[in-house]
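Sequence order for the protein chains is S and R. Just so we're on the same page, this note's numbering is the position in the first sequence counted from 1, plus 18. Just so we're on the same page, this note's numbering is the position in the second sequence counted from 1, plus 4. Cβ coordinates follow ideal geometry from the N, Cα and C atoms, glycine included. Remember, predicted model here, so these are calculated numbers, not experimental data. One structure is given below, encoded as structure tokens.
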Amino acid sequence: MRIPPLAKVLIKRAFFLFLMVIIVTYLTILIANAGGYVDEIMISDIKFNVAQRVSANPLYKGLSIEERNKLIERLVEDEIRLRGLDKPFPIRSLIYLWNGLTLDLGRSMYMTSDTGSRLVRLIILERLPQTILLFTTATVIIFLIGLFGGLYLSRNFGSFLDKLTIYLSPTSAIPGWFYGILLILIFYSYLHVLPPGGMVDYPPPEEPVAYFLSVLKHMILPVAAWVISSFFIEIYYNRSFFLTYSTEDYVEAAKAKGVPPSQIERRYILRPALPPIITSFAFAVVLSWSGAIITETVFNWPGLGRTLAMAIGFFDVPVIVGITVVFAYLIAATTFILEIIYGIVDPRIRAGVEGI
Amino acid sequence: MSVSEYTLKGIFKELMRYKSALVGLAILVFLVALSLYALIFTPYAQAGEIWNDQNRWLAYPRNAAPEWYNFFSSKKLPPSILIGEGLPNHKSEEAEREGYRVITYLDSFTYNYDDFPSELVLLINTTYSGSPPTVKVYWIKPSGEELNLSAYRPRNISESIYISNNLILERDLEEYAIDKLGFTPNYTITIPVALFMEYKDKGEPTAMKGNYTVRVEVTLYNRSDTFSYRLLMHGKVYGIAGTDIYRRPLELGLIWGAPVALSFGIVASVTITFVQLIFAAISGYYGGKTDSLIQRLTEIYMIIPFVPFIVTISILYGLDIWRLLLIIIVLSIFGTSVKTYRVWVMQLKTSPYVEAAIAYGASNLRIIALYILPRILPPVVPSLVLSIPSYVFLEAALAILGLSDPKVVSWGRIIEEAFAGGAVYKGYYHWVLIPSAMLILTAISFALIGLALDRIVNPRLREM
Chain S
19 MRIPPLAKVL
29 IKRAFFLFLM
39 VIIVTYLTIL
49 IANAGGYVDE
59 IMISDIKFNV
69 AQRVSANPLY
79 KGLSIEERNK
89 LIERLVEDEI
99 RLRGLDKPFP
109 IRSLIYLWNG
119 LTLDLGRSMY
129 MTSDTGSRLV
139 RLIILERLPQ
149 TILLFTTATV
159 IIFLIGLFGG
169 LYLSRNFGSF
179 LDKLTIYLSP
189 TSAIPGWFYG
199 ILLILIFYSY
209 LHVLPPGGMV
219 DYPPPEEPVA
229 YFLSVLKHMI
239 LPVAAWVISS
249 FFIEIYYNRS
259 FFLTYSTEDY
269 VEAAKAKGVP
279 PSQIERRYIL
289 RPALPPIITS
299 FAFAVVLSWS
309 GAIITETVFN
319 WPGLGRTLAM
329 AIGFFDVPVI
339 VGITVVFAYL
349 IAATTFILEI
359 IYGIVDPRIR
369 AGVEGI
Chain R
5 MSVSEYTLKG
15 IFKELMRYKS
25 ALVGLAILVF
35 LVALSLYALI
45 FTPYAQAGEI
55 WNDQNRWLAY
65 PRNAAPEWYN
75 FFSSKKLPPS
85 ILIGEGLPNH
95 KSEEAEREGY
105 RVITYLDSFT
115 YNYDDFPSEL
125 VLLINTTYSG
135 SPPTVKVYWI
145 KPSGEELNLS
155 AYRPRNISES
165 IYISNNLILE
175 RDLEEYAIDK
185 LGFTPNYTIT
195 IPVALFMEYK
205 DKGEPTAMKG
215 NYTVRVEVTL
225 YNRSDTFSYR
235 LLMHGKVYGI
245 AGTDIYRRPL
255 ELGLIWGAPV
265 ALSFGIVASV
275 TITFVQLIFA
285 AISGYYGGKT
295 DSLIQRLTEI
305 YMIIPFVPFI
315 VTISILYGLD
325 IWRLLLIIIV
335 LSIFGTSVKT
345 YRVWVMQLKT
355 SPYVEAAIAY
365 GASNLRIIAL
375 YILPRILPPV
385 VPSLVLSIPS
395 YVFLEAALAI
405 LGLSDPKVVS
415 WGRIIEEAFA
425 GGAVYKGYYH
435 WVLIPSAMLI
445 LTAISFALIG
455 LALDRIVNPR
465 LREM
């Protein structure tokens with residue numbers, strides 16, 4: 019059976035991206051272990067917990083100090099073996115690598131999930147949808163604004179709106195989270211019309227519709243902050259793209275032939291400009307995963323980013339490592355999805371042409 | 005984007021023709037001047053120490069708004085007022101009573117503000133042998149009523165007595181004020197409110213304007229004892245930028261933060277761009293295995309979650325700000341721009357003059373350093389300038405995540421402290437907005453210059 023060229027390219031890319039994720043995960047583990055430094059923290063944590071458990075247990079009240087110390091030592095050793103901390107570092111790092119890749123990241127040191135679990139996987143996975151919800155919404159809105167705004171301005175270039183966009187494009191040097199701070203000051207501290215952060219009202223509404231509206235209300239400010247931050251530069255870049263493509267010879271030829279303007283726009287300008295626009299959008303989405311961390315912290319949005327900020331506060335290394343790995347997966351997945359879309363819009367990739 | 009023909013000097017000349025770039029340059033000159041001022045008058049290493057020393061700022065008001073706030077507000081906030089020894093309108097009279105020296109000081113001042121001071125502090129310098137002096141403080145309002153602010157006995161040579169924290173006095177004055185008003189108001193009567201208030205039937209309390217007098221009666225129990233005092237009324241406005249919850253004047257923090265922000269952004273951006281250019285040149289020029297190694301590295305770098313990585317490293321190794329900068333550089337040198345630059349290098353490699361250089365036997369290093377890098381530099385300059393703000397904001401972002409260097413004063417750290425201090429909820433807007441304005445100024449300055457540069461080196465954009 020002959021595999022279609024697009025599928026072949028995609029399988030190759032998926033394999034390659036997964037390899038990259040493995041490398042990044044291993045790097046994360048190497049850094050996080052800092053030559054066994056984390057192990058030391060974990061062992062001292064185990065010692066502390068075991069000692070507490072023993073002294074709190076009435077069963078051991080009658081033991082002499084020596085017996086009790088022996089018991090603590092034995093329990094600590096058991097715990098170390100249980101967690102695989104007694105193996106040499108290269109092997110241990112491979113165990114960690116496998117654990118990292120399968121998101122089997124063990125228990126957090128201090129943090130708990132909403133359901134009270136200390137499994138890192140649960141802590142992370144219950145946060146993931148919130149992050150995806152917020153930032154996918156924001157980036158899709160920005161993409162659409164950029165596309166249609168850019169198209170509109172390229173049609174009316176030199177107009178007042180066009181010049182205004184160019185003059186206001188420096189505002190995009192300020193990141194979304196920063197606009198977030200300003201928006202909170204205006205709409206919460208000063209006007210008291212919108213919540214300063216969080217995802218739903220407290221207590222959360224029972225009805226699904228009310229719940230949905232409450233989430234929507236909490237999303238306004240973070241999404242607005244991101245949209246403001248990219249608004250002018252997205253339109254400006256897309257407009258420049260469209261203008262560049264609209265001066266191509268084949269567009270002139272089509273005009274001379276008498277092709278109607280709407281058709282020129284769709285077939286001769288938008289179509290070839292789409293792949294580079296999608297590439298820049300891909301970078302924007304990938305960047306958004308990093309930007310998410312600070313935005314979520316500013317808006318107290320219960321996603322991965324704020325969890326990372328909290329893990330920093332608690333010095334909770336397993337959670338920090340876990341989130342780093344999940345972000346690597348997210349970036350790889352985003353890249354892969356965009357490559358599929360790219361394959362659909364770019365005929366060269368669809369045909370399996372190499373070396374672009 | 006094609007490799008442009010411009011030289012760096014030509015670009016600069018062209019740049020001066022853009023008004024927006026001139027505005028950007030003017031802001032940049034201001035920021036550089038501020039940085040130089042900061043570095044010359046306060047050595048960088050000391051600034052952080054001074055900033056963190058809480059005892060140093062006791063003479064400043066807490067949470068004061070900037071002085072220019074009064075221009076925009078109908079309700080005039082008071083600045084700090086200092087009266088007493090060595091200041092105008094200070095009179096003293098000495099008498100003997102029951103064999104002891106009794107000194108009566110009279111200090112008066114005019115108060116023309118609507119709001120109340122935030123705190124009252126009695127600063128006393130005294131030397132005594134035996135029993136410490138007794139200090140009685142009386143307060144005479146413009147209406148002529150006299151309030152007793154109770155008696156104090158300073159035990160140290162130099163003592164600060166926080167009159168406004170005296171709870172017993174507060175209760176007494178509250179009772180007195182309620183008696184005067186004839187009803188219990190819905191606002192709390194603190195000591196500054198009671199001392200300055202106008203007795204009104206309703207509404208928010210306002211200050212009584214006019215001449216106030218403070219009478220201090222000091223009894224010294226020994227001939228050789230000395231005594232001097234000052235009364236500090238902490239205001240609600242201070243300086244150009246106000247103060248924070250720890251009484252630190254923010255203007256100092258803003259000045260000290262300028263060199264940090266500028267050097268962080270510029271060093272990061274310039275170093276990263278240059279290293280990326282060199283890798284791109286090597287990758288594009290040599291090709292083969294070197295090329296594919298560098299290309300694979302850039303692909304790994306694409307997957308690295310940048311901020312989580314920095315956070316992990318910074319938290320595990322406790323990095324100071326310059327090591328953090330180094331990590332940021334290391335995590336960016338194989339960024340996606342390497343791919344873009346590499347394409348330009350490959351275009352140049354086939355250009356006649358490079359082929360000529362190869363033909364006459366120039367070494368590879370010579371060709372890269374003298375013929376390729378200088379040619380791809382001009383088109384890179386706009387993105388270099390445009391990326392400076394992103395590193396300035398990255399530092400601020402990391403500060404907001406709680407990863408700031410405690411020894412360094414940076415704008416991001418001031419914003420983080422404002423958040424931690426509840427500025428957003430308590431309405432200390434200046435604490436957030438003024439450092440934010442500095443960050444915005446920096447960003448806009450580089451963006452204006454960068455976008456103008458972009459139009460210069462990419463003529464296709466200019467035509468439109």
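The C-beta separation of R:E174 from R:T194 comes to about 7 Å, placing the pair in contact by the 8 Å criterion. Note that the stretch 234-241 of chain R touches the stretch 70-77 of chain R; at least 3 beta-carbon pairs, one per stretch, sit closer than 8 Å. Counted as a single uninterrupted DSSP element, the alpha helix (DSSP H) harbouring R:S273 occupies residues L254 to Y290.
Listed by position along chain R, the residues whose Cβ is nearer than 7 Å to that of S:F260 form an empty set, because the closest Cβ is around 10 Å away.
Residue state for R:A99 is assigned as strand, using DSSP reduced to three classes. By the C-beta density criterion, S:L239 is buried, having at least 16 other C-beta atoms within 10 angstroms.
Fully contained in the stretch 170-243 of chain R are the following alpha helix (DSSP H) runs of length 4 or more, in chain order: 171-185 and 195-200. The three-state reading of DSSP puts R:K145 in coil, since its state is none of H, G, I, E or B. Under DSSP, the beta-bridge partners assigned to R:A69 are R:V241. Taken in chain order, the complete alpha helix (DSSP H) segments of 4 or more residues contained in the stretch 252-320 of chain S are 267-275 and 289-317. Between S:S82 and S:K88, the alpha-carbon positions lie close to 10 Å from each other.
Nearest neighbour of S:W244 by Cα position, chosen from S:I159, S:L140, S:I40 and S:W116, turns out to be S:I159.
For R:S112, the uninterrupted beta strand (DSSP E) segment begins and ends at Y104 to Y115.
About 19 Å separates the CB atoms of R:V197 and R:I165; that is not less than 8 Å, and the two are not in contact. A straight line joining the alpha-carbon of S:P226 with that of S:V218 spans about 12 Å. As DSSP reads the structure, R:G88 sits in a beta bridge with R:R234. Taking 9 Å as the threshold, the shortest C-beta distance from S:F333 to chain R falls below it. In chain order, I47 place their CB closer than 7 Å to the CB of S:Y114, counting only its own chain and leaving out the 5 sequence neighbours on each side. Restricted to the stretch 330-396 of chain R, the alpha helix (DSSP H) segments that are unbroken, complete and at least 4 residues in length are 341-353 and 356-363, listed in chain order. If you look at R:A155, you'll find it in the beta strand (DSSP E) that goes E150 to Y156. Under the three-state reduction of DSSP output, R:Y321 falls in the helix class.
Collapsing the DSSP output to three states places R:Y166 in a strand. Residue contact with chain R for S:V304: present (Cβ-Cβ distance below 9 Å to some residue of chain R). At a cut-off of 9 Å, the C-beta of S:W244 has no neighbouring C-beta in chain R. Among the residues facing chain R, S:V211 is not included, as its CB has no counterpart in that chain under 9 Å away. Going by C-alpha positions, S:S73 is about 11 Å away from S:F66. In the DSSP assignment, R:E123 falls within the beta strand (DSSP E) that extends over E123 to T131. For R:A451, the nearest beta carbon of chain S is closer than 9 Å to its own beta carbon. Taking 8 Å as the upper bound on Cβ-Cβ separation, chain R lies near residues V316, L326, A327, I330, G331, F333, V335, I338, V339, I341, T342, F345 and A346 of the stretch 316-347 of chain S. A distance of 9 Å or more separates the beta carbons of R:I319 and R:L352. Between R:G454 and R:L390 the beta-carbon gap is near 4 Å, inside 8 Å, which marks them as a contact. At least one beta carbon of chain R lies nearer than 9 Å to the beta carbon of S:A50. Straight across, the Cα-Cα distance linking S:D132 with S:S126 is about 13 Å. In the three-state reduction of the DSSP assignment, S:L322 falls in the helix class.
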